[in-house]
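Undergrad:
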Amino acid sequence: MSLVLFDIPFQMNKAIYLFLIVCFFSCKVKSDYQKALTADNSMTYENYLINYPTSKYRIDVQQRLDSIYDENAWLVACRAETSKGYQQFLDTRSPSRFDDVAKRKVAELIVSEDWERTRKEDSIIAYELFMQKHPLSKFELDAKKSIERIKDLNAWNTAVSLDNVSAYNNYLKDQPAGKYAKDALKAIDELSNILPFFNSVKKTNTEATYDNFLRLHPNCRYTAEARRVLDQLIFAREQADWFKARKTNKKQTYIDFIEANPGSFFLKDAEEALRSIINAEDEQFWKQTESKDTRAAYLSYMDRYPDGLHYSTASYYVENWSAIQEEKDWERAEKSNKIRAYKDFLAKYPYGKYSDVAEQKIIDLEVEDVFNSDHGILPPPNRISSIYDKYTDNEIEIYNRTSYVLTVLYSGSESYRFELRPFQRSSFKVDIGNYRVAAKVNDPSVTPFAGTEFMNGGKYSSEFYIVTSRY
């Protein structure tokens, strides 16, 4: 077999080509239409109409686009919620499915907006014009009430401006159920009954009459004036009393002023003046107390001045009297620095804070007295221990070979007193150190002995006896 090629005429090829183009375009129109429906927005619909102005789907697409335009414009009007906004919707988008609602909204909002403007103006003419323009509106009752309210207020203002009984009676006649009816009745009572009483109070012009008026009429039109005048009278009296108190400048005068005028303008000054006098008396009495310097004196101060400047000091002295007196007595003993003073201190405070120090002071002064008086030279004690032995203190054996009581005194960093009966032998310990030593008996005719010793640790012995000399 052999392949046979048919020779198709050129005209037939052109027709087939055109047919294919038409089929392709028709499919494209439908496909884009389906895409526009899926997207369902104004831009897609607008582009479709531009691209396919003669499409069989153009009417449906235009209707869908108009619906979107209507909905967008309606949302704008709803957001504005004004008669102008809804009217603009009708002017630009009518006819639409929102026309009936938009018209109803325009009518309702025109009434509401007119009512708001009328309320802001708040005048009888404005409310009357509103009712003429909207005779059957939902605000008609409020408009009528507002007109009555303004008439009531105007009538009241007229009565107040005239401010007489006749004017208030006219108000009650015109507005028997008015808002200010009670105020009118009160004003009539004040003008008819209270005013004559107040005039008599002003004529008398005393604290008592004004005080009585305020007690009887605490909330009337004349209360403020009565209070003001009464305050002036009180201030004038208090000022005179204050000048008198300052001139006298006595404690009792200030006390009387404060008691008589507890809320006075001058109260603070009076209290300060009184405090100054009390403080001066306090200081003077405290000086007397200190000069007496007895527990009873400090107790007396506390009783007299329970809030005194020196109460805490006095209380401390009373509570710690013994310790304080010991301190003072010790200061006096130290200042005197006499044997008698220290012995008196020890007699008073045998177990006191300074008893050991006082005893040492007495020893030191007694040794000093021996050194300063006629005395013999005291020989050093005999060392009975080896110099090579090490001791931390000194042990001294003293033998009193006299028929007197022997007293041996060591004065140094620590001071010691050793007393031995006649013919007594005893051992004593002292610290290492330098000492001034004195020895004496209980007979003033016997010469005492004195000397210095360095006790560097060890055992020592001393023997004391009396040698009679004739001159």
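Residues in the sequence shown are numbered consecutively from 170, following the numbering used here. We treat Cβ as the ideally placed atom computed from N, Cα and C, and that holds for glycine. What you are looking at is a predicted structure, and each value in this text was computed from that prediction instead of being measured.
(1) Examine the Cβ distances between the region 414-424 and the region 395-405 and report whether three or more of them are shorter than 8 angstroms.
(2) Does the region 501-519 come within contact of the region 477-490, defined as at least 3 CB pairs closer than 8 angstroms?
(3) Cα separation between Tyr634 and Lys522?
(4) For Thr621, collect the residues of the same chain with a Cβ closer than 8 angstroms to its Cβ; drop the 5 residues on either side in sequence, then sort them by chain order.
(5) Note down, in chain order, each residue of its chain lying with its Cβ closer than 7 angstroms to the Cβ of Ile279, except the 5 sequence neighbours on either side.
(6) Under the three-state reduction of DSSP, which class applies to Lys598: helix, strand or coil?
(7) Considering only residues of the region 446-510, which uninterrupted beta strand (DSSP E) runs meet the minimum length of 3 residues and lie entirely inside it, listed in chain order?
(8) Locate the beta strand (DSSP E) running through Thr571, then write down its first and last residues.
(9) What residue from Lys416, Lys197, Asn210 has the CA that sits closest to Ser224's CA?
(10) Helix, strand or coil, according to DSSP, for Glu566 in the structure here?
(11) Helix, strand or coil: which one does DSSP assign to Ser211?
(12) Quick check: Ile553 and Leu589, are their CB atoms within less than 8 angstroms of each other?
(13) Please classify Gln529 as buried or exposed, where buried requires at least 16 neighbouring CB atoms within 10 angstroms.
(14) What is the residue span of the beta strand (DSSP E) that Gly521 lies within?
(15) For a test of the three-state rule: what should DSSP assign to Asn216, helix, strand or coil?
(16) Report all residues from its chain with a CB closer than 6 angstroms to the CB of Ile427; omit the five preceding and five following residues, and keep chain order.
(17) Name the two residues that bound the continuous alpha helix (DSSP H) containing Glu277.
(18) For Ile635, does the three-state DSSP call read helix, strand or coil?
(19) Assuming the contact rule is C-beta atoms closer than 8 angstroms, Cys389 and Ile363 should be a hit. Round their C-beta distance to whole Å, please.
(20) Buried or exposed for Glu250, please, with buried defined as at least 16 other CB atoms from any protein chain shown within 10 angstroms of its CB.
(21) What does the Cβ neighbour count give for Lys351, buried or exposed, with the cut at 16 atoms within 10 Å?
(22) Quick check: the region 284-296 against the region 304-321, are there 3 or more CB pairs under 8 angstroms?
(23) Can you find the residues in the same chain that come closer than 8 angstroms, C-beta to C-beta, to Tyr138, ignoring five residues on each side of it along the sequence?
(24) Let me know the secondary structure DSSP gives Ile553 once reduced to three states.
(25) Starting from Glu318, follow the alpha helix (DSSP H) in both directions and report where the run begins and ends.
(26) Taking Tyr296 as part of the alpha helix (DSSP H), name the residues at either end of that continuous run.
(27) Where Ser443 and Tyr467 are concerned, what is the direct C-alpha to C-alpha distance, given to the nearest angstrom?
(28) Is there contact here, the region 309-325 with the region 336-355, by at least three beta-carbon pairs under 8 angstroms?
(29) Assuming the contact rule is C-beta atoms closer than 8 angstroms, Val334 and Ser361 should be a hit. Round their C-beta distance to whole Å, please.
(30) What do you reckon, are the CB atoms on Ala393 and Asp410 nearer than 8 angstroms?
(31) In three-state terms, what does DSSP make of Tyr579?
TA: Per the coordinate set shown:
(1) no
(2) no
(3) One-based indexing of the sequence shown puts residue 634 at position 465. One-based indexing of the sequence shown puts residue 522 at position 353. Cα to Cα, Tyr634 sits roughly 38 angstroms from Lys522.
(4) Within the sequence shown, the letter at position 452 stands for residue 621. Result list for Thr621: Asn603, Tyr604, Arg605, Val606, in chain order.
(5) For this step, residue 279 is matched to residue 110 along the sequence shown. Around Ile279: Ser252.
(6) Mapped onto the sequence shown, residue 598 falls at position 429. In this structure, Lys598 counts as strand in the three-state DSSP scheme.
(7) none
(8) Residue numbering aside, residue 571 sits at position 402 when the sequence shown is read from its first letter. Counting along the chain, Thr571 falls outside any beta strand (DSSP E), and DSSP gives it neither H nor E.
(9) Here residue 224 corresponds to residue number 55 of the sequence shown, with the count starting at 1. Taking only the C-alpha atoms, the option nearest Ser224 is Lys197.
(10) Here residue 566 refers to the residue found at position 397 when the sequence shown is read from its first residue. Looking at Glu566 - three-state DSSP - the assignment turns out to be strand.
(11) For the purposes of this step, residue 211 is taken as residue 42 along the sequence shown, with counting starting at 1. In this structure, Ser211 counts as helix in the three-state DSSP scheme.
(12) Stepping through the sequence shown from its first residue, residue 553 is reached at position 384. Stepping through the sequence shown from its first residue, residue 589 is reached at position 420. Their beta carbons are not under 8 angstroms apart, which means Ile553 does not touch Leu589 by this criterion.
(13) Start at 1 with the first residue of the sequence shown, and residue 529 comes out as number 360. Flag for Gln529 reads buried.
(14) What you label residue 521 is simply residue 352 of the sequence shown in a count that begins at 1. That residue, Gly521, is in no beta strand (DSSP E); it is neither H nor E in DSSP.
(15) Taking the first residue of the sequence shown as position 1, residue 216 is located at position 47. If DSSP states are grouped into helix, strand and coil, Asn216 belongs with the helices.
(16) On the sequence shown, position 258 is the one that residue 427 refers to. Correct list, in chain order: Ala439.
(17) Working through the sequence shown from its first residue, we reach residue 277 at position 108. That run of the alpha helix (DSSP H) goes 268-290.
(18) The count along the sequence shown starts at 1 and reaches residue 635 at position 466. The answer is coil: DSSP assigns Ile635 none of H, G, I, E or B.
(19) Within the sequence shown, residue 389 is the residue found at index 220, counting from 1. Within the sequence shown, residue 363 is the residue found at index 194, counting from 1. Confirmed, Cβ separation roughly 5 angstroms.
(20) On the sequence shown, position 81 is the one that residue 250 refers to. Exposed, by the Cβ-count rule.
(21) Indexing the sequence shown from 1 puts residue 351 at position 182. Result: exposed.
(22) yes
(23) Shown here, the chain extends from 170 to 640; a query on residue 138 therefore has no answer.
(24) Here residue 553 is taken as the residue at index 384 of the sequence shown, counted from 1. Correct three-state label for Ile553: coil.
(25) For this step, residue 318 is matched to residue 149 along the sequence shown. Before going on, a small fix: residue 318 reads as Arg here, not Glu. Segment 309-331, the alpha helix (DSSP H) holding Arg318.
(26) Indexing the sequence shown from 1 puts residue 296 at position 127. Element bounds for Tyr296: 293-302.
(27) For the purposes of this step, residue 443 is taken as the residue at position 274 of the sequence shown. For the purposes of this step, residue 467 is taken as the residue at position 298 of the sequence shown. With the sequence shown as reference, residue 443 is identified as Leu, and Ser is not the correct amino acid for it. So the two alpha carbons sit approximately 24 angstroms from each other.
(28) yes
(29) Your numbering for residue 334 matches position 165 in the sequence shown. Your numbering for residue 361 matches position 192 in the sequence shown. Contact flag correct, Cβ pair sits at about 6 angstroms.
(30) Position 224 of the sequence shown, counted from the start, is the residue given in the question as residue 393. Position 241 of the sequence shown, counted from the start, is the residue given in the question as residue 410. In this structure, Asp410 does not lie closer than 8 angstroms to Ala393 by Cβ.
(31) The residue labelled residue 579 in the question sits at position 410 within the sequence shown. Strand.
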